[in-house]
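Last residue of the sequence shown: 183 in full-length UniProt numbering, with the numbers rising by one and none dropped.
Where a beta carbon is used, it is the ideal one built from N, C-alpha and C, also for glycine.
Computed from a predicted structure; not experimentally measured.
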Amino acid sequence: MIEGRGLCYIGIGQSALGSVLLCDCGLKESLAFDVAFDKFCDGFVNPGPYWEHVVEYVEASLKFPNTVFLIRYEDLMERPVHNVKKLADFIEQPFSMAEEDQGVVERIVSFCSFDKLSNLKVNKTETYHSENTLFTNDTFFRYAKVGDWQNHLNDEQRERIDGITRQKFKDIGSCLSDYLSSI
1 MIEGRGLCYI GIGQSALGSV LLCDCGLKES LAFDVAFDKF CDGFVNPGPY WEHVVEYVEA
61 SLKFPNTVFL IRYEDLMERP VHNVKKLADF IEQPFSMAEE DQGVVERIVS FCSFDKLSNL
121 KVNKTETYHS ENTLFTNDTF FRYAKVGDWQ NHLNDEQRER IDGITRQKFK DIGSCLSDYL
181 SSI
């Protein structure tokens, strides 16, 4: 059983999956995009098949709603202040009225913004090692634009990801939709 609070999972919309996980991967030995895309769709990615990973988090959030905080990236980007407040409430560290009046939440959102984080020296010059793969830290920063996947996936790739997503999420789809619409 999961105890305590603090597990936060930020998921991304189904058509953005391949774009976010495959583009600008920063590998020393880059795979051709089509090869990397096939590996992603077939579940050969670290830390394992993406869809199974999401299903596990959704199921955990439904079973332990006070332990697992689930939010879609698109929702976080659309309403960052609202969602930072929800996250603070979730970890039982809500903002006081004085903090809200002083703009603390907005400053946190600004401090943690894509522009701020992507421009830190450590994220421009340092590297990250995962198993036998070396990534540059800027790998984790692309454009932070909802819907950018449209610039990276063709129609066939989008259809493939959408089909896999529908099949993998068929058992949790309505639960997930209900849950996400409630936040």
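- In the DSSP assignment, F135 forms a beta bridge with Y128.
- DSSP places G48 outside any alpha helix (DSSP H), giving it a letter other than H or E.
- By the CB criterion at 8 Å, N137 and Y143 fall outside the cutoff.
- Straight-line spacing of the CA atoms in P49 and D42 works out to 7 Å.
- Remark: fewer than three beta-carbon pairs, one from each stretch, lie closer than 8 Å, so the stretch 52 to 63 and the stretch 72 to 81 are not flagged as touching.
- According to the DSSP assignment, R166 belongs to the alpha helix (DSSP H) that extends over 155 to 168.
- Residue state for I108 is assigned as helix, using DSSP reduced to three classes.
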